[in-house]
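First comes the structure, then the notes that go with it.
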Amino acid sequence: MSDLYDIIITPDPVLKAEAQPVNKVDEAVRKQMDKMLATMYDAPGIGLAANQVGLLNRVLVMDLSNREEEESPEPIFMVNPQIIHESEEMSIMQEGCLSIPRQYADVERPATVRVKYLDYNGKDAELEASGLLSHCVQHEIDHLNGVLFIDYLSSLKRNMILRKVEKLKKQRIL
Ligand code: NI
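First residue of the sequence shown? That's 107 in this note's numbering, and the numbers climb one at a time after it.
In structure tokens form, the structure reads like this:
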């Protein structure tokens, strides 16, 4: 069993901080990505950004394969991801977040985005994402900019969710 990171739960300043670009995808960064992926699978979740494990470099991992259906894993590793195109068409989907456990809300985002990034081996790569993958990659890139999905909600809704998380923390459910 590989060791895992602790996932940071809101509120925490690291979730509000901007992650810094990675200079080089070296062994240390690959180790971080492996450990983040293991942490995400364990949670379980479909995406995880460095801020959520207390690290402030621009690294994220995702895997949208359905593990309950025993689909084979399809991990996506992104370093320094950048949205280079977004559709005018918008999409509304329910989102959740490992740093805001058990809370869900509809979020509106561009339906399709094109993302440029460095892959696991440090090579230039691009991904065109729509549907759930589009929401997921935008959500994770937001994390690297210190933005949470609840930041798109009204302050009323956001505060309701934050109070619920606080309550779960107090009850030691999280
Ligand atoms: Ni999240």
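In this text, a Cβ means the ideal position worked out from N, Cα and C, and glycines have one as well.
Rounded distance between the beta-carbons of residue 170 and residue 154, thought under 8 Å: The pair is not a contact, with the Cβ atoms about 13 Å apart (cut-off 8 Å).
Please work out which residues of its chain come closer than 6 Å, Cβ to Cβ, to residue 177, disregarding the five sequence neighbours upstream and downstream, and give them in chain order. 171
Residue(s) in a DSSP beta bridge with residue 191: 220
Reducing DSSP to helix, strand and coil, say where residue 197 ends up. strand
Hey, quick one: how far does the beta strand (DSSP E) through residue 230 stretch, first residue to last? 230-236
Applying the criterion that 16 or more other CB atoms from any shown protein chain within 10 Å of the CB defines a buried residue, is residue 134 buried or exposed? exposed
With distance defined between alpha-carbon atoms, name the residue in 226, 249, 251, 215 nearest to residue 235. 215
Residue 204 beta carbon near the ligand NI (any heavy atom closer than 7 Å): yes
beta-carbon residue 241 near the ligand NI non-hydrogen atom, thresh 7 Å: no
Stretch pair the segment 189-206 + the segment 138-158: three plus CB contacts closer than 8 Å: yes
Close beta carbons around residue 233, own chain, < 6 Å, minus the five adjacent residues each side: 221
Cβ of residue 249 versus every heavy atom of the ligand NI: is any distance shorter than 7 Å? yes
Per DSSP, what are the beta-bridge partners of residue 268 in this structure? The partner list for residue 268 (beta bridge, DSSP) is empty, contrary to what the question assumes.
Does any heavy atom of the ligand NI sit closer than 7 Å to the C-beta of residue 191? no
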